[in-house]
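Residue numbers (my numbering): 3 to 499.
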C-alpha cells in the first residue's frame, strides 16, 4: 500500500496542521504537523522512499482510514491514470448536458483600461473594413436581436431536453452602458419571464441607471473592478468622459448595497506596480463596511499580457500574490487572494462542513463543455476571453436560418477535457484544475489541446489552507483556538507597524 499518485497537501495552516486531499476521490482530511511536515518534504518534490516511510509510520487505524479515503492505495500508478481519464471524460459528458449562456449587448466600452485585452476590438470599431464596426451597426445589440437570442437559447436547451430557466451572464465590452439601457432592460425582462436570473461583469460606472434591475430574480451578482486607491485606479481604469471612475464606482456600490440584495464582487487587478498598495485599498474597503460583509466578495487577480510572440503571461503569478497579500486577507471572511481561491473555497465548503468529497471536474470551464456567448455582432462564441475573435467563433444566431452552429468549431471547443489532454493526466491536480484555460493554451502553443497551468500548484495549495483556516475559525475544531490566536497576533503586529 502506498500514497496515491494524486496526493495533494495544502500549505501549512496558520497555527497548526495541514489539509490532505486526494485528487481522485476528492477526500479532504486535516492532519497534524508531525504527519504534515513529513508529507510536505516527501511530496515536494515527490520522493517514493520517504512516502513509504511515512505510510509505514502511521497507525493501523489511520492507515485503514486513509485507504478508504483514497490517500493510500494498492493500485498501480498507471491504473490510477487510467481512472483519471475515465472520470475526466465522464464528468465532462455530465456537464456538457448543462449548457451555459452569456449575452454581450455591447461590444464597445465607455472605459479605456490600460491593460484591457479587448483593446484591439475597441480600436477597430470606427475603422472602415473592420469586421465589427459602428458603421456596420453590429456593435450594440438591437431589441430584435434579443428575441433571436432567446429563441436560440431555447433551441439549444430543448436539444438537451432542458426547459428555460437558470442563470445568464451579461458581458461586454461594457454591458451596463446607460446609452443602451433599453436593450439591457429587454434582455433582463424577457429572461425573467422565461425563468432566468442574471449575473453581470461591468465596470460599474453606469450602475446607477440599472439599479432597478439589481437583486433577487434580476441581476443577482455584479462583478466590478477597483484597482487601488483613487489616484491609482483612475489612471488604470480610465473613463472616456475623463471624470473619476473611482468616485462613480464607489457611490454606485454603496447604493447597490443599500438599496438591493445583489451580491457585489469587487475584483482588484494587481501587478508589480500596484500590489504594494493592496493594504491601502483593503483599509478603504474596511472603512466602507465592505469587508466581512456577507453581500460582498473581494478578491485580487493578476493582470495578463502578451509578449512579442503572442504568448500570454501573468504580470504577477498567483502564488506570488498569495505570498505578498495572503496574511492581509486572512482576518476577513470575504477577502481572497484570487478568483481560483474563491472557486476552491466554494468546492471545499461542503467537504469541510458536511463530510462530502471535493467536487472534482474534467474540464477547466464551460468554454470546453458548452458555453454559448451571444454577441451584438450576431455571432456566437465559446470563450469570453476571445469574444469578437474568429478563434472562438462557433456559430451565428441573427440570420434567416435562425441559430446556426459550426460543428467543427463546437467539437473543437466543447470536447476538450482531461481525458484527451495527455500532459494533464499524470498531474495530481488533473481533476481539480481540468486542464487550465484553453484559449491561453492555444495562444501560447498554437494548440487548444495543451495544458495551461498558470501557477496552479501554488495557488491551489494556498487556497486549500486558506479555506481550511476560515472554516476552522467558524466552527468548533481542536485547532480553531490556535488559528484564532495566531491571526490575532498577526493583526496586532500589522497595527504596530
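A virtual CB, placed ideally from N, CA and C, is assigned to each residue, including glycine. As the structure is a prediction and not an experimental result, all values here were calculated from the model.
### Query
When we look at the beta-carbon of residue 450 and count the other beta-carbons within 10 Å, is it buried (16 or more) or exposed?
buried
### Simplified DSSP state of residue 235, which is helix, strand or coil
It is helical.
### Task
Measure the alpha-carbon distance for residue 513 versus residue 215 and round it to whole angstroms.
With the chain covering only 3 through 499, there is no way to say anything about residue 513.
### Task
Could you pull out every residue in the same chain whose Cβ sits closer than 7 Å to the Cβ of residue 27, ignoring the five residues on either side in sequence?
Taken in chain order, the residues that qualify are 71, 72 and 359.
### Query
Does DSSP put residue 117 in a helix, in a strand, or in coil?
Residue 117: coil per DSSP, three-state reduction.
### Query
Tell me the DSSP bridge mates of residue 4?
75, per the DSSP bridge assignment.
### Query
What first and last residue would you give for the beta strand (DSSP E) that runs through residue 328?
Residue 328 -> not in any beta strand (DSSP E); alpha helix (DSSP H) instead, spanning 320-331.
### Start and end residues, alpha helix (DSSP H) containing residue 147
145-161
### Query
What are the boundary residues of the beta strand (DSSP E) that residue 2 is part of?
No answer is possible for residue 2: the residues shown for the chain start at 3 and end at 499.
### Query
Roughly how many whole angstroms lie between the Cα atoms of residue 303 and residue 462?
14 Å
### Query
Which term fits residue 78, buried or exposed, when burial requires 16 or more other beta carbons within 10 angstroms of its beta carbon?
The C-beta of residue 78 has fewer than 16 other C-beta atoms within 10 Å across all chains shown, which makes the residue exposed.
#### Entry: Backbone CA spacing between residue 486 and residue 472 [nearest angstrom]
Only weak support exists for where residue 486 lies, its pLDDT of 40 falling under 50; the coordinates are left without a value.
### Query
Within this structure, are the beta carbons of residue 388 and residue 452 separated by less than 8 Å?
No; because the gap between Cβ atoms is not below 8 Å, this pair is not in contact.
### Task
Pull up the distance between the alpha-carbon of residue 200 and that of residue 40, whole angstroms please.
Taking the straight line from one Cα to the other gives about 47 Å.
### Message
So, under 8 Å CB-CB, residue 109 and residue 377 are touching, yes? Tell me the CB distance rounded to an integer number of Å.
### Response
Contact annotation, residue 109 with residue 377: C-beta distance approximately 6 Å; criterion of less than 8 Å satisfied.
### Query
So, using beta-carbon positions, are residue 271 and residue 305 closer together than 8 Å?
yes
#### Entry: First and last residue of the uninterrupted alpha helix (DSSP H) at residue 283
280-290
### Message
Suppose you measure from the CA of residue 368 to the CA of residue 59; what does that come to, to the nearest Å?
### Response
43 Å
### Message
Tell me the residue span of the beta strand (DSSP E) that contains residue 296.
### Response
No beta strand (DSSP E) holds residue 296; DSSP gives it neither H nor E.
### Message
Can you list, in chain order, the residues of its chain with a C-beta nearer than 6 Å to that of residue 280? Leave out the 5 residues immediately preceding and following it.
### Response
Excluding positions up to five away in sequence, the list reads 327.
### Message
Just to confirm my understanding: we take residue 365, look at its own chain, exclude 5 residues before and 5 after, and list those with CB closer than 6 Å. What are they?
### Response
94, 371, 419 and 436
### Other residues of its chain near residue 331: CB distance less than 7 Å, five sequence neighbours each side excluded
337, 338 and 339
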